[in-house]
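Novice: Let me give you the structure first, and then I'll get to my questions.
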Amino acid sequence: MRFRSFGKPALAPLASLLLLSVLPTGSAFGQGGVYIDPEGVLRHGEREAGGRLAKLREGRRVAAPTGKLAEAGPMRKLSLATLQREVRKHVEAGEAVPDELRYLGGLTRVEYVFFYPNEGDVVLAGPAEPWRTNGRGDVIGVKSGLPVLQLDDLVVALRAVGPGSQARAVGCSIEPTPEGLGRLQEFLRTASAPKTNAQSRGIYNGMREKLGRHSVRVFGVPDDSHYAKVLVEADYLMKATSLGVDKPGVKGLLNCIQLTDRLSQAGAVGSSLYRFWFTPRYEPFLVSEDGLAYQIRGQGIQLLSEHEFVTATGQRQASGQPDPVASAFAKGFTDSLPDLMARRPIYAELRNAADLAIVAALIRSHMPVAEASAGDLQPGARVQASNANARVAPGNARDANTPSASGSPLSTFNPQLFAWLLDPKNYVIESYPVPKSAESLVNSQRFGSSRGGYLLGQAGGVTIEPASVLTEENLKKDDGQLAQGRGQARQASPSEWWWD
């Protein structure tokens, strides 16, 4: 779709073609005004009558933590084996799982993963703080405002890409239909330049009607899970930001309308069907020489872009050429993510989802070779110590007799370690409403120049593929401090599932 220029139109409508990764909205409401209406349509806005939002907030309210969990911990450790035991104890007693377990002790990010083959345990470590619910019912840290990690998300990640799984990626998409794109193309070919605001409103409402709703698809995780909800809300909200529908208030972040106006004056704007999608983005992980300790580093997620065009019949095709507007928005959004995470916690939740998928894949790779699917990373891989900057060779699986730091072969790591949590019949995750379709987003804004036109289309999604992160180039030998940290992080008491 070309950027259609008119002589002196007052407004420039912008329709989103939203091919994003989709996910359900837990309480029917998400962040930034994202909600699911009674028909299962994903929408953006605050227009919900009857006090429904207030009821949902009240229903999702959680009690403030007590005791030591009411204090922040700069490096809290969680024993996954003991965590599973505690959750199982409550479930089998017919009791609700306590909030302290549901919210993983207030952990706001996983920064370290330690493996203990002899003890049959995996320990996660990272910053933690007491939690509360915000105005929308999201569970966030009291000090930072960042979302806390959730047990359900960890379980979903373990089941999706963890031990015994054959899946390699998780994500979702909201795709415009070819029929809708075809109708939109025909509508734009016959549309006249608007001369009044009323005419402009009629045109962009017509664009939304012709484009129609988008189909929703979630892959790799249950579409009624909180994990899926995070994927979809983050992507939908990002698309709303790209159109100027959502205004996060981050200094220097321009939406696609503003960028189109700026670049069109410079003669840089051509076509206008953009594809934006989230993928993981990390700095090289540090790995101990024995392959039993990892430090997760980096921002966690990024936004990428691609330029597409639509044929007369509504088929999307990659152009093979970069687009200045799409590239500028994707870079600006990625650079602004630290500020965006503070203002829109859903993006920090998306980062947490990526982190947990990486953790699950690492755990799978530490199971005996026979339990891992072909091509899996084997984190016990030998480090080429002759080079101070040597990278871990992820494709080189440890031999069954290669000793770990504790003196036992890695192949003795219990493949049934998380068997109880991995079984959906044992632990049932909370179910959230599933969006069946997504509303196309339309916005309009007066351009500062005399040019204007129709700027169409955002496609894309969320794809989290741990194998793309756990590569040889992204795993770097540390200087010995990780092994020391692993030793210090050992469980003080077998009954403790968390400690500072």
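Numbering (the numbering used here), first residue to last: 1 to 500.
Positions of the beta carbon are idealized from the N, C-alpha and C atoms, including for glycine.
#1: Taking the continuous alpha helix (DSSP H) assigned at S365, which residues delimit it?
#2: Tell me the DSSP bridge mates of L286?
#3: Could you tell me which of H226, G206, G244 sits nearest to Y432, measuring between CA atoms?
#4: Report yes if the C-beta distance between R76 and G141 is below 8 Å; otherwise report no.
#5: Go ahead and pull the three-state DSSP assignment for I429.
#6: Would you say the stretch 120-136 touches the stretch 180-195, given that touching needs at least three Cβ pairs under 8 Å?
#7: With distances taken between CB atoms, is the gap from A354 to I464 smaller than 8 Å?
#8: Just confirm the distance between the C-beta atoms of Y282 and V442, as a whole number of angstroms; I'd bet it's less than 8 Å.
#9: Buried or exposed: which applies to R189, given that a residue is buried once 16 or more other Cβ atoms fall within 10 Å of its Cβ?
#10: Buried or exposed: K8, going by 16 or more other Cβ atoms within 10 Å of its Cβ?
#11: Is R490 helix, strand or coil when you go by DSSP?
#12: Taking the C-alpha atoms as reference points, what is the distance between P117 and E175?
#13: Do the stretch 195-212 and the stretch 245-262 touch if we need at least three Cβ pairs shorter than 8 Å?
#14: Determine whether the beta carbon atoms of C172 and G461 lie at a separation below 8 Å.
#15: Grab me the residues of G40's own chain with a C-beta within less than 8 Å of its C-beta, minus the 5 sequence neighbours each way, in chain order.
#16: Which two residues bound the contiguous beta strand (DSSP E) that contains V245?
#17: Drop a sphere of 10 angstroms on the beta-carbon of E100, count the other beta-carbons inside from all chains shown, and report buried for 16 or more, exposed for fewer.
#18: Determine which residues share a DSSP beta bridge with N205 and list them.
#19: Measuring CB to CB, does A483 end up less than 8 Å from V123?
#20: Is the beta carbon of G45 within less than 7 Å of some heavy atom of the ligand SAH?
#21: Please classify S404 as buried or exposed, where buried requires at least 16 neighbouring CB atoms within 10 angstroms.
#22: With 16 as the cutoff for other CB atoms within 10 Å, does Q295 come out buried or exposed?
#23: What is the DSSP secondary structure of Q150, counted as helix, strand or coil?
#24: Ends of the alpha helix (DSSP H) at G332?
#25: What is the DSSP secondary structure of N387, reduced to helix, strand or coil?
#26: Just to confirm before moving on: does the CB-CB distance between D152 and N352 stay below 8 Å?
#27: Leaving aside the five residues before and after A157 along the sequence, list all residues of the same chain whose C-beta is less than 6 Å from its C-beta, in chain order.
#28: Give every residue of the same chain whose Cβ lies closer than 7 Å to the Cβ of V469, excluding the five residues on either side of it in the sequence, and list them in chain order.
#29: So, with DSSP's three-state summary, where would you put K77?
#30: For A167 and D223, what's the separation of their Cα atoms in angstroms?
#31: Quick check: L337 and I363, are their CB atoms within less than 8 Å of each other?
#32: According to DSSP, simplified to helix, strand and coil, what is Y103?
#33: Is L237 helix, strand or coil when you go by DSSP?
#34: If I measure Cβ to Cβ from A348 and keep anything under 7 Å in the same chain, skipping five residues before and after, which residues do I get?
#35: Tell me the DSSP bridge mates of T260?
#36: Taking T108 as the reference, give the member of Q84, S144, F115 with the closest Cα.
Specialist: Quick look at the numbers:
#1: 345-365
#2: Q295, K476
#3: Ranked by Cα distance from Y432, the options H226, G206, G244 are led by H226.
#4: no
#5: Coil, per DSSP.
#6: no
#7: yes
#8: About 35 Å separates the two Cβ atoms, so there is no contact after all.
#9: It is exposed - the Cβ of R189 has fewer than 16 other Cβ atoms within 10 Å.
#10: A caution first: K8 carries a pLDDT of 36, below 50, which makes its placement in the model unreliable, though a value can still be read off. Counting Cβ neighbours within 10 Å, K8 comes out exposed, since fewer than 16 surround it.
#11: coil
#12: 44 Å
#13: These segments do not touch.
#14: yes
#15: P433, V434, P435, K436, S437
#16: Element bounds for V245: n/a, residue is neither H nor E.
#17: buried
#18: Looking at the DSSP output, N205 shares a beta bridge with no other residue.
#19: no
#20: For the ligand SAH, the structure offers nothing, since it holds no ligand at all.
#21: The predicted position of S404 is uncertain, since its pLDDT is 36 and thus under 50; a value taken from the coordinates is nonetheless stated next. Classification for S404: buried.
#22: In this structure Q295 is buried. Its beta-carbon is surrounded by 16 or more other beta-carbon atoms within 10 angstroms.
#23: coil
#24: Start and end: 324-335.
#25: Confidence at N387 is low in this model, with a pLDDT of 32, below 50, so the placement of that residue is unreliable and no value is reported for it.
#26: no
#27: L356, A357, A360
#28: P280, Y282, I358
#29: strand
#30: 16 Å
#31: No, these two residues do not count as a Cβ contact at 8 Å.
#32: coil
#33: helix
#34: L146, P147, M341
#35: None, per the DSSP bridge assignment.
#36: S144
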